[in-house]
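Novice:
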Amino acid sequence: MKLTRYREDPWRALEDLQKEINKLFDFSFGRFLASKEFFTPSVDVWEDKENVYVEADLPGFEQKDINLALRGNLLTISAEREEKKEEKKKGYLRCERFQGKFYRELELPKEVDASKIKATYKNGVLKMTLPKKEEEKEKEIKIEIE
91 MKLTRYREDP WRALEDLQKE INKLFDFSFG RFLASKEFFT PSVDVWEDKE
141 NVYVEADLPG FEQKDINLAL RGNLLTISAE REEKKEEKKK GYLRCERFQG
191 KFYRELELPK EVDASKIKAT YKNGVLKMTL PKKEEEKEKE IKIEIE
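Residues 91 to 236 in the working numbering are what the sequence shown spells out, letter by letter.
1) Please report the straight-line C-alpha distance between K126 and E230, rounded to a whole angstrom.
2) Are there 16 or more other CB atoms within 10 angstroms of the CB of L148, so buried, or fewer, so exposed?
3) Rounded to whole angstroms, how far is the Cβ of D134 from the Cβ of E145, which I believe are closer than 8 Å?
4) Report the rounded CA-to-CA distance for L220 versus G181, giving the unit in angstroms.
5) Around the C-beta of N157, are 16 or more other C-beta atoms found within 10 angstroms, so that it is buried, or is it exposed?
6) Does DSSP put N163 in a helix, a strand or coil?
7) At the level of alpha carbons, what is the spacing between I235 and A209?
8) Can you grab the Cα-Cα spacing for the pair T166 / K217, in whole Å?
9) Which residues in the same chain as A159 place their Cβ atom closer than 8 Å to its Cβ, once the five residues preceding and following it in sequence are excluded?
10) Going by other Cβ atoms of all chains shown within 10 Å of its Cβ, with 16 needed for buried, is F122 buried or exposed?
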């Protein structure tokens, strides 16, 4: 009879430990982290020579409920989703979808031309193109000596 030596996978113990830590965090903080009281949309901001681009994930919002404002180079995105009264009666076991108001402020890398901003909202994604203001070119000023 041949005996085969049992080798324990060293990574298995780490995986088991990770699972236990995840369970602990889910139990302790799960309610807080999954709370519908807090919502921060994921946002991407990038630029090229002419424009600054912003894309924000706003799933489940109606276009009419989204507000955009620009002050200097500070862009504010806000929205509100009303709580549906009839859904309170359904006897939910878990309700994680956000209902209420949120706002997100983004500092843009450059001043933009507010009159030329374009925004679209489709399939829960807000896309904005913000043209940069043309920088004033340096002028040479001749100074007279008295």
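Note that beta-carbon positions come from the ideal geometry of N, C-alpha and C, so glycine has one too. Remember, it's a predicted structure, so these values are computed and weren't measured experimentally.
Specialist: Checking against the coordinates, here is how it stands:
1) Working through the sequence shown from its first residue, we reach residue 126 at position 36. Working through the sequence shown from its first residue, we reach residue 230 at position 140. Legend: pLDDT at K126 = 47, less than 50; position of this residue unreliable, no value from coordinates given.
2) Within the sequence shown, the letter at position 58 stands for residue 148. Around the Cβ of L148, a 10 Å sphere holds 16 or more other Cβ atoms; the residue is buried.
3) Walking along the sequence shown from the start, residue 134 turns up at place 44. Walking along the sequence shown from the start, residue 145 turns up at place 55. D134 to E145, Cβ: 5 Å. Contact.
4) Start at 1 with the first residue of the sequence shown, and residue 220 comes out as number 130. Start at 1 with the first residue of the sequence shown, and residue 181 comes out as number 91. Using only the alpha carbons, I get a separation of about 45 Å.
5) If you number the sequence shown from 1, residue 157 lands on position 67. Exposed: under 16 other Cβ atoms inside 10 Å.
6) The residue labelled residue 163 in the question sits at position 73 within the sequence shown. Coil.
7) Taking the sequence shown and counting its residues from 1, the one referred to as residue 235 is at position 145. Taking the sequence shown and counting its residues from 1, the one referred to as residue 209 is at position 119. In this model, I235 and A209 are separated by some 52 Å (Cα to Cα).
8) Position 76 of the sequence shown, counted from the start, is the residue given in the question as residue 166. Position 127 of the sequence shown, counted from the start, is the residue given in the question as residue 217. So the two alpha carbons sit approximately 14 Å from each other.
9) By 1-based counting over the sequence shown, the position of residue 159 is 69. The beta carbon of A159 lies closer than 8 Å to those of L165, T166, S168 in the same chain, with the five residues before and after it left out.
10) Counting from 1 along the sequence shown, the entry for residue 122 is found at position 32. Here the model assigns F122 a pLDDT of 48, short of 50, so the residue's position is not dependable and the matter cannot be decided.
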